[in-house]
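Read in order, the letters of the sequence shown are residues 1 to 1095 in full-length UniProt numbering.
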Amino acid sequence: MPGVVATVADTPGGNRHPGRAAPEWDAEQQAVLAHRGGPLLILGGPGTGKTTLLIETVADRVSRGEVALENVLVLTGQRRSAAELRRRIALRLGRTSREPLARTFHSYAFGVLCADAIQRGEPPPRLLTSAEQDVIIRELLRGDLDRGATGWPERLRPALPTRGFARELREFLQQAVQRGLTPDDVARLGRQAGRDDWVAIGRFAREYSQVTALRDAAGYDPAELILAATALLQEHPQLLESCRVRHALVVVDEYEETDPAQRRLLRAITSGAALVIAADPDQSVYGFRGADPLGVREFLSDFADQRPRVVVLGRAYRGGPALLAAVRRLAERLPVVVPPGVSAAAYRGLAVGAEAGAVRALAGAGAGVAGAGAAAADGDGSVDVRAGAGADGDGSVDVRAFATPGAQAAYIAYHLRHAHLVEGLGWTAMAVLVRSAAQIPPLRRALTAAGVPVRVPEQSSPIVDVPIVRHLLLALRIAAGQPLLDVERAPTAAASLAEELVAGPIGRADPLQLRRLRIALRRLDRAAGGERSSAVVLAQVLNDPRDLEVIDEQAAAPALRVARAIEAGRRAVTEPAATAETVLWEIWNATGLATELYAQALSGGAVGAAADRDLDAVMALFAAASRYVDRLPRAGAALFADYLLGQEIPTDTLAARAPEPDGVDLLTAHAAKSREWDVVVLAGVQEGVWPDLRRRGSLLGLRDFLDVLDGRIADAADRGPGGSIRTLEERSAALAEERRLCYLAASRARRKLIVTAVSGDQEIPSRFLDDIDPLDADERPLTRPPRGLDLPSLLGDLRRAAETADDAVARRAAGHLAQLAAAGIPGAAPDGWYGLPAPSTDQPLRRDDEPVPVSPSRLELFTRCPLRWLLESCGGRGRSSASQVVGTAVHRAAATFSVDVAQLRERLDAALADTDLGTGWFAAAQRDRAAAMVERLAAWMARNPRRLLAVERDFQVTVGRALLTGRVDRLEQDDDGRLYVVDLKTGRRAVRKADLAEHPQLGAYQVAVVEGAFDEGRTPAGAALLFLDEDRPEPVEWGQAPLEAAGGSWAHEMIMKCAEGMAAAVFDAVANDGCRFCPVRICCPLWVEGAAVTG
1 MPGVVATVAD
11 TPGGNRHPGR
21 AAPEWDAEQQ
31 AVLAHRGGPL
41 LILGGPGTGK
51 TTLLIETVAD
61 RVSRGEVALE
71 NVLVLTGQRR
81 SAAELRRRIA
91 LRLGRTSREP
101 LARTFHSYAF
111 GVLCADAIQR
121 GEPPPRLLTS
131 AEQDVIIREL
141 LRGDLDRGAT
151 GWPERLRPAL
161 PTRGFARELR
171 EFLQQAVQRG
181 LTPDDVARLG
191 RQAGRDDWVA
201 IGRFAREYSQ
211 VTALRDAAGY
221 DPAELILAAT
231 ALLQEHPQLL
241 ESCRVRHALV
251 VVDEYEETDP
261 AQRRLLRAIT
271 SGAALVIAAD
281 PDQSVYGFRG
291 ADPLGVREFL
301 SDFADQRPRV
311 VVLGRAYRGG
321 PALLAAVRRL
331 AERLPVVVPP
341 GVSAAAYRGL
351 AVGAEAGAVR
361 ALAGAGAGVA
371 GAGAAAADGD
381 GSVDVRAGAG
391 ADGDGSVDVR
401 AFATPGAQAA
411 YIAYHLRHAH
421 LVEGLGWTAM
431 AVLVRSAAQI
441 PPLRRALTAA
451 GVPVRVPEQS
461 SPIVDVPIVR
471 HLLLALRIAA
481 GQPLLDVERA
491 PTAAASLAEE
501 LVAGPIGRAD
511 PLQLRRLRIA
521 LRRLDRAAGG
531 ERSSAVVLAQ
541 VLNDPRDLEV
551 IDEQAAAPAL
561 RVARAIEAGR
571 RAVTEPAATA
581 ETVLWEIWNA
591 TGLATELYAQ
601 ALSGGAVGAA
611 ADRDLDAVMA
621 LFAAASRYVD
631 RLPRAGAALF
641 ADYLLGQEIP
651 TDTLAARAPE
661 PDGVDLLTAH
671 AAKSREWDVV
681 VLAGVQEGVW
691 PDLRRRGSLL
701 GLRDFLDVLD
711 GRIADAADRG
721 PGGSIRTLEE
731 RSAALAEERR
741 LCYLAASRAR
751 RKLIVTAVSG
761 DQEIPSRFLD
771 DIDPLDADER
781 PLTRPPRGLD
791 LPSLLGDLRR
801 AAETADDAVA
811 RRAAGHLAQL
821 AAAGIPGAAP
831 DGWYGLPAPS
841 TDQPLRRDDE
851 PVPVSPSRLE
861 LFTRCPLRWL
871 LESCGGRGRS
881 SASQVVGTAV
891 HRAAATFSVD
901 VAQLRERLDA
911 ALADTDLGTG
921 WFAAAQRDRA
931 AAMVERLAAW
941 MARNPRRLLA
951 VERDFQVTVG
961 RALLTGRVDR
971 LEQDDDGRLY
981 VVDLKTGRRA
991 VRKADLAEHP
1001 QLGAYQVAVV
1011 EGAFDEGRTP
1021 AGAALLFLDE
1031 DRPEPVEWGQ
1041 APLEAAGGSW
1051 AHEMIMKCAE
1061 GMAAAVFDAV
1071 ANDGCRFCPV
1081 RICCPLWVEG
1091 AAVTG
């Protein structure tokens, strides 16, 4: 009876192990276990127990002595699923087999080819990885380019050397092979469809197959492996017959993920064997690998000569009514892919636990179909399977929208910690699933920071996503001769990369160190008469570090670390036996990171965990390099770096991995197949992300190619090269695959499903949220996350209450803080709070006998707010805005004696070429703005009565303690021989005319003249600000009256007073008009956001 657990020894599926409870199977399960006829298809939705029933089928027949364990073959699509099946069958039977019992289709095919090669005395075949395939393809494409690439359409030739083209070409070749097409078939289809790119692919495929066939041992890519094994069996009847005899029972799980080639192999080896298959076409999610759920629909016709039968399981044991209803709503909008005679209602109308209907027998085409019944819940390897055992109440579904990704992550962290701390769930009973691997790193950081331990499978994200790996590979590419730091070839890209390397894990420069380095390099370049940006100079010295020896050792240290690592790699490349592995090792040794990371890892805490992750990534990098060199000993280091940096899908590996500590699983939805958890979170379910309806394989028209093969379109030429028009049918198919993936992910939950998305101006929640949780309102309300269930959040609440609540609440909060402080919880004791500890030093910034560097351009800032001046001087400035980038370019263009507009525009274009303003209308508007400023400057210069003496003239003079150092944009001379300084302003006017008389910057320039900074004279004629960014035909010039040549002016006093203040120990915060745009406001005691830091 349903719901009753009995000890059964004699019935099918009975337990052979004393003391262990065995289930009493219902009619449909009994039909499966008792089946001894032709092929059987078990059809059921998520949680119906298909996998458990397959395991019980194997165990039952082996236990009854009907088949030897060595004569059982279990096939599935994923290596992880095969390993899990082996484990569960071994637990069920209490013993293992001599050979792997459960295997993937590819593993089985590889075994067939290996056995044949060994029998014939030939070397065993090799499986070509995607890395090796890409290398071969790129080598062949380079050969095509060397010969002029005449075999390729002209429009594709610029793409031939790119990694993306090689990757797309590999996918095209694999799909063609999976469909059983020869190179000639591909070319013929191309001619018929009017697609010259397909004709070229056919020619290339022929060359590719010839190259792989000429290797020492036969090499097969995954698609070729299945076809080769099938062809071998068909060509050697005796070998085929031995396989059929050996496999008396064949069991297949996840049949919905098979492709046509795998199904042909299956039919070849199962003629006469007992065959039991489990499938759920609504969970077919590997279409991008060639999987085709239509194989489920064609099951009856594929095995029509063997009297096939279908059993439909209609009870779900995962979740409860609420969860089941939510996932059912997703499935209702999917196309129905079931064998003839099976209705969608029978297949999708799942009941919970013991509520399934009676047995239903449907006849059709000589095949039997059993109706909806109950299945055992998928377990963890045990056989304690009971009717209704998996359902836990109604289950719950929680669908939320948030204003920001941070709020979304906080909500997820709260519920995970609540489930662990309050409900007692183990961390491993929960999972966070995302659509794309790119969503994993930010979520991992946020959850870890909130106190949620996270487990990310090694294969969930490429190792190049780890900064230390990326930087080692960049150094490897440079050492191998790639011109990434060539400032003549691409100055902007080289400069950006140089800064990235110096500030990254190898250089380890903080913002202040990077600023000091750039200042030192700029001075070095100016001394040599150069006018380049400091970032460009940095790129040059990383290539040739000799200039670093003449600047301050502390400032040069980060750049030297990078330069030495690159130089070590260059030396290693020249060695006769150099490989990617040996070159990478020399670079790693030169960085000195091994000792540093080892010490950090031993220190524990967040720093130790980060160091552990970095060391694990480096180990994985060297493992990848070792495998690469073993497979491709003649491939250079640069090819390895290019291959790894170009990875979008993680590298798979059979290497043993250390067991991970308990944690919440964070992985992609694809990786969640065949797994389940008590609590499942679907995070970041955004429109455009999930579903992701971007067209794939568009350059070579792969989607069109498959549509032609499947008869969905008659003429691919109607779409044009690359398939530029996306049909409604194609878009519907892509949406169906995304919906199946969401259905799969949502159905992994046993007790609770949480679905989250961000809703804002740029992000829209996915349509799938409304499928899971229909909404009556037009828009899903935004949720504010509760206070986190972690110590930092608790401490924040207690400290806030201790300061702001009424006396009784404040006393209780203070008591709790005292308890936590006594327990040694960091941050609980007041002596560690911001603003309360004594300053680390009360010494002034400069000694009394030390000169004080003073910049004229920073004087005004100091007079307005000394604290902002200090913080910005220590690296607190914001990133350069587009206006600042344009201003720099205009200054570079203006550094000339020419007044010709055309020459000024030419200089401006050259300066803008070294900048990155982006693309589109905004970049065009900024360029137009810069051009207008240059034209106004030319008009002003044409009528300027003064004589130009110098542009961009550096100076340095001493005024009291002040070492006044700067540069004037224009140094001019009037008719009386007096000197006049003009400062160009490319921003909007931020100066009031009433303040001009004692403007600090202009006053400082005049002091420089008076103190003899310029050989041309010591008598000032005044100074002026020239505003170029005005909506007028000519700039606006605001002048300052000349100082007295004798000295002792207001400007002298102002500079000396500022110098004393800049050398002091205390810096005041002064409210002013600039506070609204202050980049260091979060450190200012005058504002709420800064009070926690400074007072």
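Just so you know, even glycine gets a beta-carbon here, dropped at the ideal spot from N, CA and C.
Neighbourhood of residue i by C-beta, 6 Å cutoff - its chain only, sequence neighbours within 5 removed
{"i": "Ala344", "result": "Val336"}
{"i": "Leu514", "result": "Ala503"}
{"i": "Ala814", "result": "Ala802"}
{"i": "Ala331", "result": "Asp282, Arg348, Tyr743"}
{"i": "residue 1123", "result": "This structure does not reach residue 1123, given that the chain is present from 1 up to 1095, and the question cannot be answered."}
Contacts around residue i, its chain only, beta-carbon distance under 8 Å, and the 5 residues preceding and following it disregarded
{"i": "Ala410", "result": "Ala446, Ala450, Pro785, Gly788"}
{"i": "Leu548", "result": "Val541, Ala556, Ala559, Leu560, Ala563"}
{"i": "Arg864", "result": "Val1070, Asn1072, Gly1074"}
Proximity test, residue i beta-carbon vs the ligand FAD heavy atom, cut-off 6 Å
{"i": "Ala913", "result": "Absent from the structure shown: the ligand FAD. Ligands present: none."}
Counted within 10 angstroms of its Cβ, other Cβ atoms place residue i as buried (16 or more) or exposed
{"i": "Ser766", "result": "buried"}
{"i": "Met619", "result": "exposed"}
{"i": "Gly371", "result": "Because the pLDDT at Gly371 is just 40, under 50, the model does not fix this residue reliably, and the point stays unresolved."}
{"i": "Trp25", "result": "buried"}
{"i": "Glu168", "result": "buried"}
{"i": "residue 1101", "result": "Since the first and last residues shown for the chain are 1 and 1095, residue 1101 lies out of range."}
{"i": "Ala749", "result": "buried"}
{"i": "Phe288", "result": "exposed"}
{"i": "Leu870", "result": "buried"}
{"i": "Phe105", "result": "buried"}
7 Å Cβ shell around residue i - same chain, five flanking residues per side excluded
{"i": "Tyr414", "result": "Pro785, Pro786, Gly788, Leu789"}
{"i": "Leu949", "result": "Leu971, Glu972, Gln973, Glu1016"}
{"i": "Asp1068", "result": "Pro866, Leu867"}
{"i": "Ala625", "result": "Ala580, Glu581, Leu584, Phe640"}
{"i": "Thr57", "result": "Val32, Leu33, Val251, Val276"}
{"i": "Trp690", "result": "Arg435, Glu738, Cys742, Ser766, Phe768"}
Coil, strand or helix - residue i by DSSP
{"i": "Ile277", "result": "strand"}
{"i": "Arg613", "result": "helix"}
{"i": "Ile118", "result": "helix"}
{"i": "Ser396", "result": "strand"}
{"i": "Val342", "result": "coil"}
{"i": "Val685", "result": "coil"}
{"i": "Pro765", "result": "strand"}
{"i": "Trp585", "result": "helix"}
{"i": "Cys1083", "result": "helix"}
{"i": "Ile825", "result": "coil"}
Nearest-angstrom Cβ-Cβ length linking residue i and residue j, presumed shorter than 8 Å
{"i": "Ala894", "j": "Asp954", "result": "Not a contact, Cβ separation roughly 16 Å."}
{"i": "Leu699", "j": "Ala159", "result": "7 Å"}
{"i": "Ala889", "j": "Leu912", "result": "5 Å"}
{"i": "Pro339", "j": "Val310", "result": "6 Å"}
{"i": "residue 1105", "j": "Gln283", "result": "Missing from the structure shown is residue 1105; the chain here goes from 1 to 1095 and no further."}
{"i": "Ile137", "j": "Tyr208", "result": "7 Å"}
Any chain D beta carbon closer than 7 Å to residue i
{"i": "Pro1085", "result": "Structure shown: chain D not included; a single protein chain is present."}
**Message:** So within the segment 779 to 813, which uninterrupted beta strand (DSSP E) runs reach at least 3 residues, ignoring any that extend past its ends?
**Reply:** Listed in chain order, nothing qualifies, since the segment 779 to 813 has no complete beta strand (DSSP E) run of 3 or more residues.
**Asked** Which runs of the beta strand (DSSP E) spanning at least 3 residues fall entirely within the segment 411 to 472, listed in chain order?
**Response** 430 to 434
**Prompt:** In the segment 126 to 195, which residue ranges form an unbroken alpha helix (DSSP H) of at least 4 residues, counting only runs that do not cross its ends?
**Reply:** 130 to 146, 163 to 178, 183 to 193
**Request:** May I have a chain-ordered list of the beta strand (DSSP E) segments no shorter than 3 residues that lie completely inside the segment 275 to 338?
**Result:** Fully enclosed beta strand (DSSP E) runs of 3 or longer: 309 to 313.
**Request:** Please go through the segment 991 to 1079 and give each complete beta strand (DSSP E) segment of 3 or more residues, from N-terminal end onward.
**Result:** Listed in chain order, they are 1020 to 1027, 1036 to 1040.
**Item:** Complete runs of the beta strand (DSSP E) confined to the segment 41 to 87 [at least 3 residues]
**Value:** 72 to 76
**Item:** Minimum length 4: unbroken alpha helix (DSSP H) runs contained in the segment 485 to 567
**Value:** 491 to 503, 511 to 527, 534 to 543
**Message:** What ranges does the alpha helix (DSSP H) occupy inside the UniProt region "Disordered" (833 to 854), keeping only unbroken runs of at least 4 residues that lie completely in it?
**Reply:** DSSP runs (the alpha helix (DSSP H)) wholly in the UniProt region "Disordered" (833 to 854): none.
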